[in-house]
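Student: Following this message is one structure expressed as structure tokens.
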Amino acid sequence: MSDYSYYQAGGSLSYEHSSYVKRQADEKLYQWLKEGNVCYVFNCRQMGKSSLRVQTMNRLGKEGIRCASIDMSIIDKHPNNFYKDIVNTLVDGFDLLNSPTWSVWYQQHQGEWRMQDLILFVEKVLMVAISQKTIIFIDEIDNLVNVKFKNDFFNFIRACNNKRADNPEYQRITFCLLGVVTPSDLTDRNGTPFNIGKSIELTGFKFEEARESLTKGLIHKVDNPEKLLKQVLHWTGGQPFLTQKLCNLLFENAKTRKPNIKYLVQEYIINDWEIQDNPEHLRTIKNRILDDNKTAYRLLKIYKKILEKGEIDADDNSEQMKLRLSGLVVKQQQTIRVYNPIYQEVFSKEWVNNKLRTELGFLSFLKSNCTKYTVLIPVAILLAIISATSLIISYIFIDSKAWNDSFNPSNLGVVIEFFRTCILLLIALIIIGNIFNKEAEDYINSIIFTDRRRLTLIIGTIILIIIAIQHFYIGPNELCKEHNFHNFSENIYFHECLLPYIWYLPCSIINYICIGIPLGSLYIHVAIEDCRELREKRIIHNNFFNKNKSEVTSIEQDLHKTQEQVRILYRHFYNQTKRHINVVAIMIFIVSIDVLFLSGTLSKSGYIWVRFFYIFWFVAPILITVYFAFSEYEKIIETTINFFSDYGIDETLIIETKYKSFNLLNEIITSNIFLRIIVVLLPILYYFFYNK
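Numbering-wise (the numbering used here), the sequence shown opens with residue 58 and increments by one.
In structure tokens, the structure reads:
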């Protein structure tokens with residue numbers, strides 16, 4: 058092999074390639090597959106997964122174990138061709154084209170193929186034609202994440218693994234999955250992640266692992282290659298692609314036998330990195346983070362926190378897992394940190410701030426305009442002037458006897474509406490600025506919630522149309538009927554009934570835009586995010602027990618840790634649910650205020666649609682979210698109790714009595730003085746206002 062082909066950055070290394078670095082993962086994967094375990098290697102791109110597969114397949118093949126590989130990136134994802142492509146790939150990989158069993162089976166199976174046909178192929182062809190152990194490697198498994206029928210394929214793998222108990226022949230077949238995913242990305246219809254088999258952790262190169270293979274290419278080029286290799290690994294953190302690339306740069310561009318590694322890194326990797334990133338690596342990381350607008354903002358915020366603190370605690374939530382799968386950060390000893398100094402130089406704080414400011418354009422617009430007091434104050438003053446003008450003209454300057462008799466007795470209409478608006482605005486500020494302050498900031502400062510903003514726009518537009526219909530048709534006609542204006546001229550109808558409503562319209566719209574839309578859009582966002590987080594907590598909790606089903610002894614020895622986890626989840630669900638119940642109390646208060654004020658300032662139809670507005674946009678989503686929270690919490694407690702019961706651990710009674718959901722709800726209500734006052738006063742207020 059020539060010097061110029063010694064190092065290879067990008068692509069799978071061939072089995073004989075001298076620069077291949079053997080890691081702990083090589084031995085683990087080889088041994089576990091040889092023992093018949095299903096294995097999976099899930100990690101970010103360019104970490105050497107495919108090279109590991111090539112090496113392992115050749116090593117196993119030398120021991121008589123038959124291996125074949127399926128590249129999911131080239132398999133047709135159409136349901137009619139998917140399983141046929143897989144079978145044809147296995148036929149080629151295991152060299153079964155001339156097998157009599159294959160010829161007969163193929164003649165009998167024409168047309169569309171389904172999962173059952175794949176199982177039949179394994180039983181009737183593969184097991185019959187091959188008597189040795191058989192391992193199927195499934196590479197680029199992430200290409201199935203968005204495929205609708207992926208569950209069927211993963212159920213096929215589960216089925217082959219589960220059939221070992223009934224059919225010993227299946228013990229000869231096992232699988233190895235490789236890709237840029239997490240087990241939770243491969244969930245089935247019931248939300249169960251792909252958690253069978255053993256996970257192979259693929260780490261960066263360590264000096265002891267890389268010394269023998271990577272110093273060979275430098276021996277004749279530099280002095281003390283081992284010392285330089287340590288410097289290379291410092292800059293790359295052992296990241297396989299970057300390590301190969303930097304070694305190759307060192308070989309090709311070293312001007313002396315004592316080259317400056319820092320200069321090479323700066324000159325050939327960091328400077329103008331988007332131009333000279335070839336083969337592509339850094340751009341792959343950037344695209345992985347920024348391409349999905351739904352997660353880009355959250356990933357950048359987490360990464361920015363890591364840059365500021367140096368590291369953060371790992372809790373394996375979905376955002377952290379996605380950030381790790383980008384390759385930008387790495388988990389080490391329960392903390393997350395930037396993978397290496399090269400990434401920290403390229404994806405710096407300035408880069409993050411620039412992306413938040415420019416690429417996330419909505420954020421740039423808000424940061425530079427809408428969040429500046431110099432803009433907000435004049436806009437607020439202008440809207441207040443328009444709203445006050447609308448009220449004054451409608452209630453005072455329009456000389457409508459019908460309007461004044463119905464909605465402005467003793468000229469109090471303007472005062473009532475003014476104070477009602479102030480109260481509603483104050484409550485909106487309490488909800489946005491106190492109860493949901495963090496969520497409001499995230500929602501305002503990002504563009505990732507496009508679907509939620511679209512939903513808000515649709516609902517907001519519908520309610521604006523209702524407001525217009527109320528002011529231009531329903532309200533005036535009710536006022537006309539109430540004062541028997543049917544036989545009056547159109548001019549009297551216009552002046553007495555329609556004109557006051559027209560002048561009142563700007564005030565209604567401004568109130569709705571300033572109070573209703575911000576609260577509604579924020580609550581849609583908070584409800585979705587909270588439900589997502591609560592479900593995620595439950596899945597993590599379930600995985601905790603699933604992971605330890607085969608390690609019951611360790612659970613028995615560490616019951617305190619298990620109880621502590623349940624206690625932490627109890628407090629989390631308490632805090633999460635309490636916020637929503639607080640909003641329920643506030644909404645009850647708002648409705649009570651409106652029962653008082655609107656009965657004297659709006660028509661019956663206006664009164665009805667405002668109540669509908671509160672129920673439709675606020676109360677219903679709140680109650681749904683609270684119900685969802687308690688449902689998820691019940692599932693957590695049920696999972697915990699079932700686990701203890703199945704293995705005879707005497708903790709079931711403690712969990713049932715101490716952490717049941719009734720205690721959770723009772724604690725929330727008893728600690729909420731405001732809610733108790735509202736619940737007590739509501740019947741009294743309703744009776745008083747109803748009779749009034």
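Each residue gets a CB set at the ideal place from its N, CA and C atoms; glycine is no exception.
Going by CA-CA distance only, name the one from Glu586, Gln620, Asp587, Leu591 that's closest to Phe602.
Tutor: Gln620
Student: Do you know offhand how far Ile489's Cα is from Ile570's?
Tutor: 15 Å
Student: Do Leu591 and Ala686 have their C-beta atoms within less than 7 Å of each other?
Tutor: yes
Student: Helix, strand or coil: which one does DSSP assign to Cys233?
Tutor: Strand, per DSSP.
Student: Would Tyr64 be called buried (16 or more neighbouring beta carbons within 10 Å of its own) or exposed?
Tutor: buried
Student: From Val386 to Tyr354, what does the alpha carbon distance come to, in whole angstroms?
Tutor: One C-alpha to the other measures close to 16 Å.
Student: Starting from the N-terminal side, write out each stretch of the alpha helix (DSSP H) that is 4 residues or longer and does not extend beyond the region 141 to 183.
Tutor: 157 to 165, 172 to 178
Student: Hey, quick one: how far does the beta strand (DSSP E) through Thr392 stretch, first residue to last?
Tutor: 392 to 395
Student: Please classify Phe211: is it buried, with 16 or more other beta-carbons within 10 angstroms of its beta-carbon, or exposed?
Tutor: Buried, by the Cβ-count rule.
Student: Just reading off the beta strand (DSSP E) that Ser126 is part of, what are its end residues?
Tutor: 123 to 128
Student: DSSP has Ser256 in a bridge; who is on the other side?
Tutor: DSSP output for Ser256 lists Tyr97 as bridge partner(s).
Student: For a test of the three-state rule: what should DSSP assign to Val676, helix, strand or coil?
Tutor: helix
Student: Which of helix, strand or coil does DSSP assign to Ile711?
Tutor: helix
Student: Which value, in whole angstroms, describes the spacing of the CA atoms of Trp408 and Leu357?
Tutor: If you take the alpha carbons of Trp408 and Leu357, they lie about 10 Å apart.
Student: Using a Cβ-Cβ cut-off of 6 Å (strictly less than) and excluding sequence neighbours within five positions of Phe262, which residues of its own chain qualify?
Tutor: Val78, Gly295, Thr300
Student: Pull up the DSSP beta-bridge partners for Arg387, would you.
Tutor: The residue you asked about is not Arg; residue 387 is Val in the sequence shown. Arg394.
Student: Less than 7 Å between the beta carbons of Val279 and Leu271, yes or no?
Tutor: no
Student: Just confirm the distance between the C-beta atoms of Ala125 and Phe151, as a whole number of angstroms; I'd bet it's less than 8 Å.
Tutor: 5 Å
Student: At a cut of 8 Å, does the region 206 to 221 reach the region 167 to 182 through at least three beta carbon pairs?
Tutor: Yes: at least three Cβ pairs fall under 8 Å.
Student: What are the boundary residues of the beta strand (DSSP E) that Lys244 is part of?
Tutor: The question names Lys, but residue 244 is Thr in the sequence shown. It is not in any beta strand (DSSP E) - Thr244 carries neither H nor E in the DSSP assignment.
Student: Quick check for students: name the residue ranges of the beta strand (DSSP E) that lie wholly in the region 547 to 629, counting only runs of 3 or more.
Tutor: none
Student: Name the residue from Ile342, Ile581, Asn200, Tyr97 whose alpha carbon lies nearest to the alpha carbon of Ile192.
Tutor: Tyr97
Student: Between the region 231 to 240 and the region 105 to 117, are three or more C-beta pairs nearer than 8 Å?
Tutor: Short answer: they touch.
Student: What residues are listed by DSSP as bridge partners for Ile192?
Tutor: Cys124, Thr231
Student: Three-state secondary structure (DSSP) at Asp209?
Tutor: helix
Student: Which one of Gly470, Tyr631, Gly517, Lys287 has the shortest CA to CA distance from Asp587?
Tutor: Tyr631
Student: Whole-angstrom Cβ separation of Lys190 and Arg221, contact assumed at under 8 Å?
Tutor: About 13 Å separates the CB atoms of Lys190 and Arg221; that is not less than 8 Å, and the two are not in contact.
Student: Taking the DSSP output, what are the residues bridged to Ile369?
Tutor: For Ile369, which the question treats as bridged, DSSP gives the partners Ile393.
Student: DSSP on Gly470, reduced to helix/strand/coil?
Tutor: Judged by DSSP in its simplified three-state form, Gly470 adopts helix.
Student: Hey, could you find the ends of the alpha helix (DSSP H) Lys263 is sitting in?
Tutor: No alpha helix (DSSP H) contains Lys263, which DSSP labels as neither H nor E.
Student: So, with DSSP's three-state summary, where would you put Asp223?
Tutor: coil
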